[in-house]
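In mature numbering (1 follows the signal peptide of the UniProt record, and there is no 0), the protein residues as written are -17 to -1, 1 to 121.
In this text, a Cβ means the ideal position worked out from N, Cα and C, and glycines have one as well.
This structure is a prediction, so every number in the text was calculated from the model and none was measured.
For reference, the structure discussed in these notes is given below.
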């Protein structure tokens, strides 16, 4: 790991938008300069995201990076967990974020698929790879 990445990872902890265990925490891993960001994500956008999901103990439960196939969904309308709908807003293509999602914004007391235990905090490393909208295709 080079010095630049080490410094960036050290700073991630200080860039979270919240420190409460009950609120979504957003860390910026890779920021896109304003002049390079043509458009930011908004509610209703169909976006394509690569992700790696882990539990607090480090267990990796899923990764689109490993499949080389990002997930595509409409942002902000409940197609994914609330932590994603909130944490992926206002992103630029190429931006990378680390989301620490409390249980209430994840799968709550029900857990998921026998893989994610009830009341689990989820940690996602995400990368926005595309924004696809009808207006973009005209």
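Query raised in the report: Which two residues bound the contiguous beta strand (DSSP E) that contains residue 13?
Result: Along the chain shown, one-based indexing puts residue 13 at 30. From DSSP, the beta strand (DSSP E) with residue 13 extends over 8 to 13.
Query - residue 68 - DSSP class collapsed to helix/strand/coil - result: Along the chain shown, read from residue 1 onward, the residue named residue 68 stands at position 85. Residue state, collapsed to three classes: helix.
Report task. Could you tell me whether the region 97 to 106 touches the region 39 to 48, where touching means 3 or more Cβ pairs closer than 8 Å? Result -> yes
Query raised in the report: In three-state terms, what does DSSP make of residue -2?
Result: Translated into positions along the chain shown, residue -2 becomes position 16. Legend: pLDDT at residue -2 = 41, less than 50; position of this residue unreliable, value from coordinates given subsequently. The answer is coil: DSSP assigns residue -2 none of H, G, I, E or B.
Query - Bridge partner(s) assigned by DSSP for residue 114 - result: Within the chain shown, numbered from 1, the residue matching residue 114 stands at position 131. Partner(s): 30.
Query raised in the report: So what's residue 42 in DSSP terms, helix, strand or just coil?
Result: Counted from its first residue, the chain shown places residue 42 at position 59. Residue state, collapsed to three classes: coil.
Requested in this report: Just grab the DSSP bridge partners of residue 122 for me.
Outcome: No information on residue 122 is available, as it lies outside the stretch -17 to 121 that the chain covers here.
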